[in-house]
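Protein chains in written order, with my numbering: chain A, 18 to 118; chain B, 25 to 245.
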């Protein structure tokens, strides 16, 4: 079975920014992390892209999938908790871009 | 009519007998239609679907609790479980059904407390906990768990100090499900794995609570 995948573009510890978008497909990037900046904490491997799979496609090329950590007080205005609180979520590479300082 | 009579002695109000099936909901009808299509197209057989349903129904939080209790009792096993859960689970005889997501175990400590949610649907480590509770799938939990995890935990009876990092795990990926390894309760030194497992609740493996504290021994007179 052909499982071509793009090589992982980001490494552990790298800061990444989540793209903004609501494509008319089965995308799995919740809007609450869109436009937010986080840190890659793990690379979970490469998987078929749900945005193609969910619509009868083959999901190829496979997309690297990262576990990305965000600070809660960056995600939410008026977050009720200390600055140390975090959230980790899996994000496909096509939703990430390098953070431009 | 005798077997289905609504007159059953212990109470006398009239109600409908049990001969009518409730009309299937829209989603139940859709699931049934998809199952028929999958079978007709030869993607898998009715027996395979039934076998998978049976496998998942046999799993319950008792399975997860056994894994947690073993990790509490055996530091080397715990290290293997946290590093790569699937082969570690195999040591205890747990195989994950083919084509189902893997499990990633995250450890709660005095420094960090994990709490799991799936904001997009109901991703859940079914292979170790069985089917998720209804509240886990509710819009209320799925939205509030990310915005206000500490508030949600308070409603479950857990008040965490601000010196502990609360780390929400939002499970959106295709291939792994998060299982929380709760903190081992104080006062459980010398407990057998079976005694420990009795303290491990489903909710503590989702991370909305801690594991139970042991019942204090009755005071000696």
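By construction, the Cβ of each residue, glycine as well, lies at the ideal position given by its N, Cα and C atoms.
- prompt: Alpha carbon to alpha carbon, what distance is there between residue 117 of chain A and residue 76 of chain B?
  reply: Rounded to whole angstroms, residue 76 of chain B to residue 117 of chain A spans 47 angstroms at the Cα level.
message: Give me, in chain order, the residues of the same chain whose beta-carbon lies closer than 7 angstroms to that of residue 96 of chain B; leave out the 5 immediate sequence neighbours on both sides.
response: Same-chain partners within the cutoff: 208 and 220.
- request: Return helix, strand or coil for residue 103 of chain A, following the three-state DSSP convention.
  value: Three-state result, residue 103 of chain A: strand.
task: Work out the CA separation of residue 228 of chain B and residue 184 of chain B for me, nearest whole Å.
output: Cα to Cα, residue 184 of chain B sits roughly 14 angstroms from residue 228 of chain B.
- prompt: How many Å lie between residue 50 of chain B and residue 60 of chain B at the Cα?
  reply: Distance between the alpha carbons of residue 50 of chain B and residue 60 of chain B is about 15 angstroms.
- request: Express the C-alpha separation of residue 54 of chain A and residue 28 of chain A in angstroms, rounding to a whole number.
  value: Approximately 15 angstroms, taken between the alpha carbons.
query: Given that a residue counts as buried once 16 or more other Cβ atoms are within 10 Å of its Cβ, and exposed if not, what is residue 145 of chain B?
result: Looking at its Cβ environment, which holds fewer than 16 other Cβ atoms inside 10 Å, residue 145 of chain B is exposed.
- request: Kindly list the residues whose CB is nearer than 8 angstroms to the CB of residue 5 of chain B, restricted to its own chain and excluding five residues on each side of it in sequence; keep chain order.
  value: Lying outside 25 to 245, the shown extent of chain B, residue 5 of chain B is not represented and no answer is given.
task: Compute the distance between the beta-carbons of residue 116 of chain B and residue 140 of chain B, then report whether it is under 8 angstroms.
output: For residue 116 of chain B and residue 140 of chain B, no; Cβs fall outside 8 angstroms.
query: Do the segment 64-71 of chain A and the segment 160-177 of chain B touch if we need at least three Cβ pairs shorter than 8 angstroms?
result: Counting C-beta pairs closer than 8 angstroms gives fewer than three between the segment 64-71 of chain A and the segment 160-177 of chain B, which falls short of the contact rule.
field: Short CB-CB distance (under 8 angstroms) between residue 19 of chain A and chain B
entry: Any reading at residue 19 of chain A must be qualified, since the residue scores a pLDDT of 43, below 50, and its modelled position is unreliable; the value itself is stated next. Chain B contact via Cβ: absent.
Chain A within 8 angstroms of residue 58 of chain B, Cβ atoms only: Answer no: the Cβ-Cβ gap between residue 58 of chain B and chain A never drops below 8 angstroms.
message: Tell me whether the segment 62-72 of chain B and the segment 209-217 of chain B touch, counting them as touching only if at least three CB pairs, one residue from each stretch, are closer than 8 angstroms.
response: The segment 62-72 of chain B vs the segment 209-217 of chain B: no contact.
query: Would residue 75 of chain A count as contacting chain B if we go by Cβ distances under 8 angstroms?
result: No, residue 75 of chain A lies away from the interface with chain B (no Cβ there is under 8 angstroms from its Cβ).
- prompt: Counting only runs that start and end within the segment 82-139 of chain B, where is the beta strand (DSSP E) found for 3 or more residues in a row?
  reply: Whole beta strand (DSSP E) segments, 3+ residues: 126-131.
message: Taking the beta carbon of residue 132 of chain B as the centre, do at least 16 other beta carbons fall within 10 Å, making it buried, or is it exposed?
response: Looking at its Cβ environment, which holds 16 or more other Cβ atoms inside 10 Å, residue 132 of chain B is buried.
field: DSSP three-state assignment for residue 148 of chain B, whether helix, strand or coil
entry: Here residue 148 of chain B sits in coil by DSSP.
- prompt: Is the CB of residue 144 of chain B under 8 angstroms away from at least one CB in chain A?
  reply: Yes, residue 144 of chain B counts as interfacial toward chain A.
message: Which runs of the beta strand (DSSP E) at least 3 residues long sit entirely within the segment 67-91 of chain A? Give them in chain order.
response: If we require 3 residues or more, the beta strand (DSSP E) runs fully inside the segment 67-91 of chain A come out as 80-88.
- prompt: Between which two residues does the alpha helix (DSSP H) harbouring residue 165 of chain B extend?
  reply: Looking at the DSSP string, the run of the alpha helix (DSSP H) that includes residue 165 of chain B is 163-171.
Neighbour list for residue 66 of chain B in chain A, Cβ cutoff strictly below 7 angstroms: For residue 66 of chain B, there are no neighbours in chain A by C-beta distance under 7 angstroms, as the nearest C-beta there is about 17 angstroms away.
Simplified DSSP state of residue 194 of chain B, which is helix, strand or coil: Three-state result, residue 194 of chain B: strand.
task: Give the straight-line distance between the Cα atoms of residue 255 of chain B and residue 56 of chain B, rounded to the nearest whole angstrom.
output: An answer regarding residue 255 of chain B cannot be provided, because it is not within the stretch 25 to 245 covered by chain B.
- prompt: Where does residue 47 of chain B sit, in a helix, a strand or coil, going by DSSP?
  reply: Correct three-state label for residue 47 of chain B: coil.
task: Kindly say whether residue 76 of chain B, judged by its beta-carbon, lies nearer than 8 angstroms to any beta-carbon of chain A.
output: Not closer than 8 angstroms to any Cβ of chain A, the Cβ of residue 76 of chain B fails to qualify, so no.
task: Return the chain-ordered list of same chain residues with a C-beta closer than 6 angstroms to the C-beta of residue 149 of chain B, the five sequence neighbours on each side being excluded.
output: Within the same chain, residue 149 of chain B has close Cβ partners 127, 201 and 203.
- prompt: When the Cα atoms are used, what is the spatial distance from residue 235 of chain B to residue 168 of chain B?
  reply: Taken atom to atom, the span from the alpha-carbon of residue 235 of chain B to that of residue 168 of chain B is near 22 angstroms.
Under the three-state DSSP convention, the category residue 77 of chain B falls into: Of the three classes helix, strand and coil, the one that applies to residue 77 of chain B here is helix, per DSSP.
- request: Could you pull out every residue in the same chain whose Cβ sits closer than 6 angstroms to the Cβ of residue 110 of chain B, ignoring the five residues on either side in sequence?
  value: Excluding positions up to five away in sequence, the list reads 126.
- request: Give a yes or no on whether the minimum CB-CB distance between residue 51 of chain A and chain B is below 8 angstroms.
  value: No - not a single Cβ of chain B is within 8 angstroms of the one on residue 51 of chain A.
- request: Mind checking the segment 167-187 of chain B against chain A and listing, in chain order, the residues whose C-beta falls within less than 7 angstroms of any C-beta there?
  value: So the close ones are 170, 171, 172, 174, 175 and 186.
message: For a quick check, are the C-beta atoms of residue 45 of chain A and residue 196 of chain B less than 8 angstroms apart?
response: Yes. Within cutoff.
field: Which of helix, strand or coil DSSP assigns to residue 184 of chain B
entry: Three-state DSSP puts residue 184 of chain B in coil, outside helix and strand.
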